[in-house]
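Letter by letter, the sequence shown follows residues 139 to 473 in the numbering used here. Reviewing the structure listed below.
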Amino acid sequence: MKLKLKNVFLVYFLVSLSGLLYALLQLGQPCDCSPHLRAAADHLRRKDLKISQLQAELGRPPPAPAQPPEPEALPVIYVVTPTYARLVQKAELVRLSQTLSLVPRLHWVLVEDAEGPTPLVSGLLAACGLSFTHLVALTPKGQRLREGEPGWVRPRGVEQRNRALAWLRGKEAAVGGDREPPPPGARGVVYFADDDNTYSRELFEEMRGTRGVSVWPVGLVGGLRFEGPRVQGGQVVGFHTAWEPERPFPLDMAGFAISLPLLLSRPGAQFDPTAPRGHLESSLLSHLIDPKDLEPRAANCTRVLVWHTRTEKPKMKQEEQLQRQGRGSDPSVEV
Ligand SMILES: *[C@@H]1O[C@H](CO)[C@@H](O)[C@H](O)[C@H]1NC(C)=O
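Right under this line is the structure:
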């Protein structure tokens, strides 16, 4: 209710005046007018009461509107994404950044495999509206995939993820710039999100309350419909995987999140670039937790909220042909 003090006094004045007039009129009557006077006095008293109630209401602060929980109370989700230049890079990053835009209290740590920040990635970050940190880490020559080598031979994105870990530990500056980085000491959760996967926004709320390391299934990976932890009585008792189930943590990179305090409490924990095939995730997690202490999320690991999708490499046959004729697509148009 919105009341103006002025209006309250106006009402008070009018009521008092009419009461007084009424009383004066009654005075002029020769007959017994005391009942009339009493009625008028009662009337005035009731109005007085009403006015003092209204005044009391004016003095009270307005009731607080129902509000969502304070955003500052939410732990920050640090999403670490390694990325490298290729034809589909911008398409992947646009798609990912627009998914991440749906998630509150999220900080995107994008790490380029390059000598320095590239205009494509810098421009995309400047325009995406997310809070971000732009890092750069060039993969050393010896670890690089050779031409024609299948992607699984060497782990990809190791240098980049380790650079992000160093930044989280305060040992690395944001070479490519940043926007609204969370203050040091903010509560947080770290998630490694490659730029080609598909993420449901629900996944991020599942991981937000991670105390140590939380886990969930990943769809379309390892040659299966999904891979993920097996859960009994709310505890991780094993893993559903077809390949090397004896690995300490047969988990996909997209299948776990780590609480920031746990990462900070183990300053040596990072990915091992020399880890054998499929052991990269284990090389970090073995420093952090016992498999039985993993926290199952996504309805005890029965819901798939992230998919290991792969974008097909576009064929550029016509482009190359036109380029040979000097009529290739305008190189100044960013794709
Ligand atoms: C997970 O399983 C435990 C134990 O069976 C149960 O208490 C809990 O409610 C389950 N959680 C969910 C989200 O289904």
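Just so you know, even glycine gets a beta-carbon here, dropped at the ideal spot from N, CA and C. Keep in mind the model is a prediction, meaning the values are calculated, not measured.
**DSSP bridge partner residues for tryptophan 445 (one or two, in chain order)** = Along the sequence shown, one-based indexing puts residue 445 at 307. DSSP lists Thr336, Gly357 as partners of tryptophan 445.
Name the one or two DSSP bridge partners that glycine 376 has. What you label residue 376 is simply residue 238 of the sequence shown in a count that begins at 1. Answer by DSSP bridge pairing, in chain order: Arg368.
Taking 6 Å as the cut-off, is the beta-carbon of alanine 194 closer than that to any non-hydrogen atom of ligand 1? Position 56 of the sequence shown, counting from 1, holds the residue named residue 194. Because no heavy atom of ligand 1 lies under 6 Å away, the Cβ of alanine 194 does not count as near it: no.
(Q) What I want to know is whether the C-beta of glycine 261 ends up closer than 6 Å to one or more non-hydrogen atoms of ligand 1. (A) Within the sequence shown, residue 261 is the residue found at index 123, counting from 1. No, the beta carbon of glycine 261 sits no closer than 6 Å to any heavy atom of ligand 1.
Inter-residue spacing [alpha-carbon to alpha-carbon] between arginine 176 and arginine 184:
Stepping through the sequence shown from its first residue, residue 176 is reached at position 38. Stepping through the sequence shown from its first residue, residue 184 is reached at position 46. Each residue's alpha carbon lies about 12 Å from the other.
Item checked: Reference glycine 360, options Ala380, Pro321, Gln373, closest by Cα -> Taking the first residue of the sequence shown as 1, we reach residue 360 at position 222. Among Ala380, Pro321, Gln373, the Cα nearest to that of glycine 360 is on Ala380.
key: Beta-carbon proximity list for alanine 407, same chain, < 8 Å, skipping 5 on both sides   = The count along the sequence shown starts at 1 and reaches residue 407 at position 269. So the qualifying residues of the chain are Leu303, Leu401, Leu422, His425, Leu426.
**Q.** Euclidean distance between Cα positions of glutamate 340 and phenylalanine 394
**A.** Along the sequence shown, read from residue 1 onward, the residue named residue 340 stands at position 202. Along the sequence shown, read from residue 1 onward, the residue named residue 394 stands at position 256. Cα to Cα, glutamate 340 sits roughly 14 Å from phenylalanine 394.
Exercise. Since proline 242 and arginine 307 are thought to touch, with beta carbons under 8 Å apart, how far apart are those beta carbons, to the nearest angstrom?
Worked result: As a first step, residue 242 is located in the sequence shown; it is residue number 104 there, counting from the start. As a first step, residue 307 is located in the sequence shown; it is residue number 169 there, counting from the start. At roughly 25 Å, the Cβ-Cβ gap does not stay under 8 Å, so proline 242 and arginine 307 are not in contact.
Is any non-hydrogen atom of ligand 1 found closer than 6 Å to the C-beta of glycine 372, if you look at the structure I gave you? Here residue 372 is taken as the residue at index 234 of the sequence shown, counted from 1. Yes - ligand 1 has a heavy atom lying nearer than 6 Å to the Cβ of glycine 372.
#### Entry: Assigned secondary structure, histidine 272 (DSSP; H/G/I helix, E/B strand, else coil)
Here residue 272 corresponds to residue number 134 of the sequence shown, with the count starting at 1. Reduced to three states, the DSSP call for histidine 272 is strand.
- Less than 7 Å separating the beta-carbons of proline 257 and histidine 272? What you label residue 257 is simply residue 119 of the sequence shown in a count that begins at 1. What you label residue 272 is simply residue 134 of the sequence shown in a count that begins at 1. No. Outside cutoff.
Using only the alpha-carbon positions, how far apart do threonine 336 and glycine 314 sit?
For this step, residue 336 is matched to residue 198 along the sequence shown. For this step, residue 314 is matched to residue 176 along the sequence shown. If you take the alpha carbons of threonine 336 and glycine 314, they lie about 26 Å apart.
Subject >> Same chain, Cβ closer than 7 Å to arginine 317, neighbours up to 5 away in sequence not counted >> reply: Locating residue 317 in the sequence shown gives position 179, where the first residue counts as 1. Only Ser269, Phe270 meet the Cβ criterion.
> Taking the continuous beta strand (DSSP E) assigned at threonine 237, which residues delimit it?
Replying inline: Within the sequence shown, the letter at position 99 stands for residue 237. Not the beta strand (DSSP E): threonine 237 falls in the alpha helix (DSSP H), residues 227-238.
Discussion item. Please report the distance separating the alpha-carbon of tyrosine 216 from that of valine 247.
Written reply: By one-based count along the sequence shown, residue 216 stands at place 78. By one-based count along the sequence shown, residue 247 stands at place 109. The straight-line gap from Cα to Cα measures roughly 7 Å.
message = Could you tell me the alpha carbon to alpha carbon distance between serine 467 and arginine 224, rounded to whole angstroms?
response = Residue 467 sits at position 329 when you count from the first residue of the sequence shown. Residue 224 sits at position 86 when you count from the first residue of the sequence shown. Roughly 16 Å separates the two Cα atoms.
Using the Cα positions of lysine 309 and proline 411, report the straight-line distance between them to the nearest angstrom.
Within the sequence shown, residue 309 is the residue found at index 171, counting from 1. Within the sequence shown, residue 411 is the residue found at index 273, counting from 1. Their backbone Cα atoms lie some 19 Å apart in a straight line.
For valine 375, count neighbouring Cβ atoms within 10 angstroms of its own Cβ and tell me buried if that reaches 16, exposed if not. As a first step, residue 375 must be located in the sequence shown, where it is residue number 237. Looking at its Cβ environment, which holds fewer than 16 other Cβ atoms inside 10 Å, valine 375 is exposed.
Is it right to say glutamate 253 is buried, meaning 16 or more other beta carbons lie within 10 angstroms of its own, or is it exposed?
-> Within the sequence shown, residue 253 is the residue found at index 115, counting from 1. Classification of glutamate 253: exposed, given that the 10 Å Cβ count is below 16.
Item to check | Rounded C-alpha distance that separates glycine 366 from arginine 462 | outcome: Looking up residue 366 in the sequence shown gives position 228. Looking up residue 462 in the sequence shown gives position 324. Distance between the alpha carbons of glycine 366 and arginine 462: 48 Å.
- [ ] Decide if aspartate 333 is buried, meaning its Cβ has at least 16 other Cβ atoms within 10 Å, or exposed.
- [x] Locating residue 333 in the sequence shown gives position 195, counting from the first residue. By the neighbour-count rule (16 or more Cβ atoms within 10 Å), aspartate 333 is buried.
DSSP has phenylalanine 330 in a bridge; who is on the other side?
Against the sequence shown, residue 330 aligns to sequence position 192. Per DSSP, Val218.
Cβ atoms of serine 397 and arginine 125: under 7 Å apart, would you say?
Summary: the structure shown does not reach residue 125, with the chain confined to residues 139 through 473, and so no result is reported for it.
Kindly examine ligand 1 and report whether one of its heavy atoms sits closer than 6 Å to the Cβ of asparagine 335.
Taking the sequence shown and counting its residues from 1, one reaches residue 335 at position 197. It does not: the Cβ of asparagine 335 is nowhere closer than 6 Å to a heavy atom of ligand 1.
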